[in-house]
Each structure stands twice: as C-alpha cells, then as structure tokens.
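Visitor: First, the structure itself, so that you have it in front of you.
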Amino acid sequence: MKYAYYPGCSSAGSGVEFELSSRFVAKKIGMELIETPDWNCCGASAAHLTNHDLSIALPARNLALAEDMDLDVAVPCAACFGRMKTAVKYVRESEKNQKHIEDILEIPYKAKNDVYCLLDVMSRPEAMEAIKANIAKPLNGLKVASYYGCLLVRPAGVVQFDDTENPQSMDKLMELVGATPVEWAFKTECCGASHQVSVPKVGREIIYRLLKNAVSNGAEAIVTACPLCMLNLDMRMKEMSRRDPRLNIPVYFFTELLAMALGSGAKAIGINKHFFPAVEVAEKALIPKPVEEVSAKKPVKPIAKAKQENTKNGGETA
Amino acid sequence: MVVVDLTKASAKNKSVIGDMQAKSGVNLADCYQCGKCSAGCPVALAMDLQPREVIRYMQLGMWDEVLKARTPWLCATCQTCVTRCPHQVDLPSLMEAVRQEAKKKGITPIKELNRFNDLFLNNIRYFGKSHEMVLMGLYNFTTGHLMQDVWSAPHLYFNRKIRIRPHMVKDKASVRKIMAKCLEGGNK
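Those sequence lines, one after another, are chains X and B. Residue numbers for the first sequence follow my numbering, beginning at 1 and rising by one. Residue numbers for the second sequence follow my numbering, beginning at 1001 and rising by one.
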C-alpha cells in the first residue's frame, strides 16, 4: 500500500481535518502516502467551465510529477479526483491527445499511472483487514448516512469507482468500525458545490432536501469523502437548523470516524475545528452502551411478529 | 407555452449548433425527450429552461434562447443526467460548450457564477494553488455582496482553516505558462 499522494488545495485550508485524519489512518494501517512534490491546483470546475485544454493540463501536470515517482496516485478530494481521472482518460484516448498535452506541459506525461480516490484505496480488502486489526474502540452503532456526492462515482465511465446510484464502499468501512449505515435516498446527490456561494438561495434548497432525507431516515451523523460536501453541509447546518430544528447532526469525513475508532483523540485530527459541534457525538459513540440498554432496545417480539406477518402475506400473494 | 414555427426554426443556426455538437460530443438527435435528466437534476428548480428543453431548443435551431438562458450557468456538472440518460447524452459537456460560447460573446446571465470562476482561475495564476481567503474576499468585494458569509471568517481564522500567507507552488512559472498557452492560444 504505497501511493503518490495529491492532497489538494483544501488540505491546508477548509478541509484540514481530512488531511489530519487521513494521515492518522494511513499511518495506523501501514499505508504510505508520499506527497507529490510541488503540486498545483487541479483547476476544479472553474477550469473546465472556461477552457477544455486547461481543465486537462492543470491536473496533468500533477500526474506527470507523480509519474516520475513511478507510483499510482491517491486523491482525497472528490473534485480533484474527478478532474484527474478525466485527464488520464483524455491522454490515454489517443497519441494525438497525449502529444497535445505534453506540448502544453513541456514535460513528458504518458498516463502510465492510475488515479484512485482515498475512499477507494482505504476500502480495498488489504486496507480493510489492516483497519479491522487495529480497531481500538468501535463506534457502537452510531447511525450514519454515508454521503458520496457526485464526483466520486460519476461519470461512471471516467471515474470507474463503485455504483452510481447506490455505492457501498463507505458503508462497508463504517460497518467495519462499528457504525450503522442507514439506508437513505440522497447518497449520490449534489451538495450544490460552489452554488452555495454564487447562487446561495438555490444552494440552500439543495442541502435542505438532502439533510431532511438523512434525518428522516434516522441518521445521527453524516459521513462524507469530499471537502466541499463537508464545508457546505457543516458550515450551513446551523442555518438549516433554524429552518427545521431536526436538522442538527454533525458531519464527518469518513477518515475522521475511522481515526477515532483506530484510537485517535478528536482534537488531534481536528474534529474540534468543525462549524457544527462534532466532538461530543463522536466521543459518545466510542463509549460502549450498557448491556441492559442494548437488550432492552432490541425489539425481539415485534420482529418475530413482523416475520410471521410477512410470511403470511407472502403466502397469500404466492 | 412557446409556439414554434418548425419549418423556419430548424433551418436556423445550423453551423453554430453543429459546432456545439462537435465540441461536446453530443448528437442532439440521440435525445428523445424522455425527461429523466430534468427529473433528476438537483438544480432544475432554479432553471429557466429545463435540461431537456435546452436540447429541444437546439434541435429546433432556437440558439438565441439557449445562449441567453440561465440553465447552462446553473448546471453544477454533477453528472446525474448523463448517468441516467438512456442514450448517454452528455448534457454537462453540452452545457459547458454553450457556456463557453456565451462567455465569448459576453453573455453572462448570472454574474456571480462567472465572477467566481474568473477569480478562482486568477488565484491559480498567482499562487498555483487555490487560496480560499483571497478567493472569498475578492468575491465579496467585486460582487458587492460585502457581508456574505463574513460571520464564518473568525471561526475559519482561529481554527487555522484560512491563512493569510498563501501556500504556493514553487515553480509558479510552469503553471502560468500552462494557463497562458490554454487561455490565450484560443479555445480549442
């Protein structure tokens, strides 16, 4: 488990918790993340909405630098990941494309190395086994809504990761560390991205629907793998609570919850830096629930009843 | 409801609409107006033309309406439409092509969206990386939304989530050269 690591611009800013917690988890499970030297911004949406060549060349420069290291690239941010995958696909499509980009970059780039998102590399069997072996305190059934957002899973032909409508990788990781992923409908919906800033009214409507769905399905926290999804949900949660008081749950990076289960303190990985208070919920989840409470909560009889009814109904319809 | 004279409409603007198809790789004839794109679009609530209407208007040669529409600017390129489209019509790429064309003609229906992207690119030009504080400061200042999200600044600052000193690329010249080559070398 050794990768060239592209942290992305938010790693030193609004998404610093993602960086801190990813580093903690990687170290714990023996995954080597070697930072790409002198990386630049991937251009995000601004580049591809302005100029096609620019949207390929900016991420391609980083990929060319990683190619010198002879390593595949691991990317935490979903937007950076999407742009890099697009660049790889474009350059691999034809020799003409490859030459064109090399002409712009003025350094060799053959697109030999692959790009994976951090969620991908951390949810592979080898990494999952290492996580399992290192769990210090499990999350004791904390109900989480795994939120993948757009660009980790779409467009499928470009990113080639997980399912576009009902991805499972994050749910599996959460289950592994003892949390309980809830079923919900907005797993891969958009968070509004920069619309939260440039057309805020539209943006807020998008996250309102999303949060309402998560809470209605019993989520006690939202887990994300994208720094922009994180910023949008975490920073606007208090505003959303004013609109609907039920919308008051913390948002975590998946690596934050992994790190907590692997024995990190909340402050060490920056959970205290969130806009919406998130330390308490995470710390509480690590405390084992009293046995009586667990058994009292188990609705043994109703389930048996429901099963009987189900078979009854099943029998009737069959 | 919009009444369209089909005989006149479809002959108009053939060349520019052809360009848009070539640029985006979309074949407009692939769309049979099932509407899945518009049903799943997270931003449809704010659009003046629904995503499928953009295609229908272009099929009919009604280019001016598309060029002035807010829709291509509101598209968040979340890729939901193309993922669900039974014919894989790449609507986000089409929106992108229309948007670039409108911008070339100086048509920017939502000034803030345009400004945000310009500032973002300027940020990369100067620092090689995105500097969030400079981006937000300049955005508020140049759009006149002076107080927008200002409440968040102390929290960001004291938690060291924004820094006054930007993190920069060492080889800034190489990034600047890439930007100059792409942006000044014409829109390929």
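Note that beta-carbon positions come from the ideal geometry of N, C-alpha and C, so glycine has one too.
(1) For the ligand SAM, I want to know if P181 (chain X) counts as a neighbour, meaning its beta carbon is within less than 7 Å of at least one of the ligand's heavy atoms.
(2) I want to verify the contact list: residues of chain X whose CB lies under 7 Å from the CB of R1099 (chain B), in sequence order.
(3) With 8 Å set as the bound, which would you pick, yes or no: does the beta-carbon of A156 (chain X) sit closer than that to a beta-carbon of chain B?
(4) If contacts are defined as beta-carbon pairs under 8 Å, then I1178 (chain B) and R61 (chain X) qualify, I think. What distance do you get, rounded to the angstrom?
(5) Since A57 (chain X) contacts G149 (chain X) with CB under 8 Å, what's their CB separation in whole angstroms?
(6) Between the alpha carbons of S264 (chain X) and F24 (chain X), how many angstroms are there, rounded?
(7) Mind checking if R1165 (chain B) is an interface residue toward chain X, Cβ cutoff 8 Å exclusive?
(8) Would N40 (chain X) and K1129 (chain B) qualify as a contact pair, given that the criterion is a beta-carbon distance under 8 Å?
(9) Measure from the C-beta of R1160 (chain B) to each C-beta in chain C and report whether the shortest distance is under 8 Å.
(10) Along chain B, in chain order, which residues have C-beta atoms closer than 7 Å to that of E189 (chain X)?
(11) Throw me the rounded Cβ distance for the A282 (chain X) and L257 (chain X) pair, which I believe falls under 8 Å.
(12) At 8 Å on the CB atoms, spell out the chain B contacts of A44 (chain X), in chain order.
(13) Are there 16 or more other CB atoms within 10 angstroms of the CB of A304 (chain X), so buried, or fewer, so exposed?
(14) With distances taken Cα to Cα, identify the nearest neighbour of C1037 (chain B) among B:P1092, B:C1182, B:K1012 and B:A1011.
(15) Going by beta-carbon coordinates alone, are M170 (chain X) and L119 (chain X) separated by less than 8 Å?
(16) At the level of alpha carbons, what is the spacing between V88 (chain X) and G1040 (chain B)?
(17) How should Y6 (chain X) be labelled, buried or exposed, when 16 other C-beta atoms within 10 angstroms of its C-beta is the threshold for buried?
(18) Taking only beta-carbon positions, decide if T1077 (chain B) is within less than 8 Å of chain X.
(19) Between the Cα of E35 (chain X) and those of X:A278, X:E239 and X:D68, spot the shortest distance and give me the residue it belongs to.
(20) Does E1184 (chain B) have its Cβ less than 8 Å from a Cβ in chain X?
(21) Consider the Cβ of E1065 (chain B): report whether some Cβ of chain X lies at a distance smaller than 8 Å.
Guide: With the structure as the only source:
(1) The model depicted lacks the ligand SAM and carries no ligand whatsoever.
(2) L49
(3) yes
(4) 6 Å
(5) Wrong, their Cβ atoms sit about 25 Å apart, outside the cutoff.
(6) 8 Å
(7) no
(8) yes
(9) Among the chains of the structure shown, chain C does not appear; the protein chains present are X and B.
(10) P1042
(11) 7 Å
(12) F1120 and S1130
(13) Low local confidence applies: a pLDDT of 49 at A304 (chain X) is under 50, so the model's placement there is unreliable, with the coordinate-based value given in what follows. So A304 (chain X) ends up on the exposed side.
(14) B:P1092
(15) yes
(16) 28 Å
(17) buried
(18) yes
(19) X:D68
(20) no
(21) no
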